[in-house]
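In the working numbering, the protein residues as written are 295 to 556. Just so you know, even glycine gets a beta-carbon here, dropped at the ideal spot from N, CA and C. To start, the structure itself, in structure tokens.
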Amino acid sequence: LMSSHSTLVWILQTLPLYRTVLAMIGNVDDVPIILGSRSDIETEKERKMSETNLHLLKVVHFNKLYVGFMFRRYDEVKQLAIAYDAIASLPFNTILISHCMHVFYGGLIYFWIARKTMDVSWFDRGEKAIEKMRSYADCSSWNFQNKLFLLQAEQCFYLEDFESAKRFYDAAILSAQEHKFVHEEALACELAGHFMLESGEGRSSLSYFLLAQKKYREWGAYAKEESMKKYIKEQFGGETTTETNIGLSIPAEPDLRKRRAS
């Protein structure tokens with residue numbers, strides 16, 4: 295009986311991750327469903343189990359938070375972040391390996407909300423995420439250096455230290471390249487593009503957005519690639535890009551090493 299229960303718990307904990315993968319590789323129109331805007335997205339067993347299993351509740355909320363962040367659904371992300379923080383503050387008996395990823399994406403989300411709301415409490419949460427990530431990077435720079443750089447870039451973006459932000463974004467991209475984290479290289483390119491667009495460097499931002507689109511495709515996140523393609527068209531129109539039957543053309547990659555050294 296105990297073995298069956300453990301198996302059920304494991305299966306229920308993998309379902310949110312399964313839906314997250316579907317959101318990234320499937321149809322971008324399905325994203326609202328993954329975020330839970332339809333009541334039938336979660337099974338009855340999941341709903342009942344999450345009432346008593348804090349780990350499952352945390353996993354469910356984090357995966358929704360991740361999908362919302364990756365598809366730039368700010369209003370939903372903010373509400374999910376409030377709920378997730380309330381859950382994460384509860385006592386947990388064990389720390390799972392996924393905790394470091396919760397810290398990483400949580401920190402990025404906190405800085406995003408801080409910029410939107412100018413609420414310093416969200417910025418403070420982001421800074422705490424940086425301190426935790428720094429301790430992880432001290433233990434394994436291969437796994438966590440690029441994550442720390444990207445969090446620091448977002449921190450500098452909030453503080454309007456634009457020169458430092460540029461260096462940290464580029465350092466995050468280079469580190470992800472060197473350590474073979476193509477999905478995090480894509481994310482760093484995308485966030486660098488948003489930074490440059492919002493700081494008035496629209497032409498430079500396009501190169502980063504297109505590079506992000508290319509890297510998401512390499513990762514296999516086809517729905518995210520399609521979302522990026524739509525965003526680029528909305529922001530820059532058809533005059534700045536050349537469409538082909540396999541997607542938008544990719545310009546020369548930004549000269550990251552030169553900028554990092556400057």
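Closer than 7 Å: residue i CB and nearest the ligand GDP heavy atom
{"i": "H355", "result": "Absence of the ligand GDP is noted for the structure shown, with no ligands found whatsoever."}
Where residue i sits in the DSSP three-state scheme
{"i": "P385", "result": "coil"}
{"i": "G320", "result": "coil"}
{"i": "E520", "result": "helix"}
{"i": "A515", "result": "coil"}
{"i": "E454", "result": "coil"}
{"i": "H473", "result": "coil"}
{"i": "G362", "result": "helix"}
{"i": "S434", "result": "coil"}
Residues of its chain near residue i, where Cβ-Cβ distance is below 7 Å and the 5 sequence neighbours each way are ignored
{"i": "A480", "result": "A506, K509, Y510, W513"}
{"i": "F456", "result": "S493"}
{"i": "E425", "result": "none"}
{"i": "T411", "result": "none"}
{"i": "G400", "result": "A423"}
{"i": "S331", "result": "Caution is warranted here: a pLDDT of 45 is assigned to S331, below 50, making its placement in the model unreliable, and the coordinate value is therefore given only provisionally. Around S331: no qualifying Cβ."}
Burial state of residue i, where buried means 16 or more other Cβ atoms lie within 10 Å
{"i": "C483", "result": "buried"}
{"i": "D464", "result": "buried"}
{"i": "Y368", "result": "exposed"}
{"i": "V414", "result": "exposed"}
{"i": "A447", "result": "buried"}
{"i": "C433", "result": "exposed"}
{"i": "K518", "result": "buried"}
{"i": "S383", "result": "exposed"}
Cβ-based neighbour list, residue i, same chain, cut-off 8 Å, excluding 5 preceding and 5 following
{"i": "I381", "result": "L348, L351, K352, H355"}
{"i": "T314", "result": "I328, N357, Y360, V361"}
Same chain only: Cβ atoms within 6 Å of residue i, ignoring 5 sequence neighbours per side
{"i": "L485", "result": "none"}
{"i": "P310", "result": "V353, V354, N357"}
Could you name each continuous alpha helix (DSSP H) segment of 4 residues or more that falls completely within the stretch 364-420, going from the start of the chain to the end? When DSSP assignments are scanned along the stretch 364-420, the uninterrupted stretches of alpha helix (DSSP H) that are 4 or more residues long and fall wholly within it turn out to be 368-382, 393-411.
Could you pull out every unbroken alpha helix (DSSP H) segment of at least 4 residues lying fully inside the stretch 476-513, listed in chain order? Here the runs fully enclosed are 476-492, 496-513.
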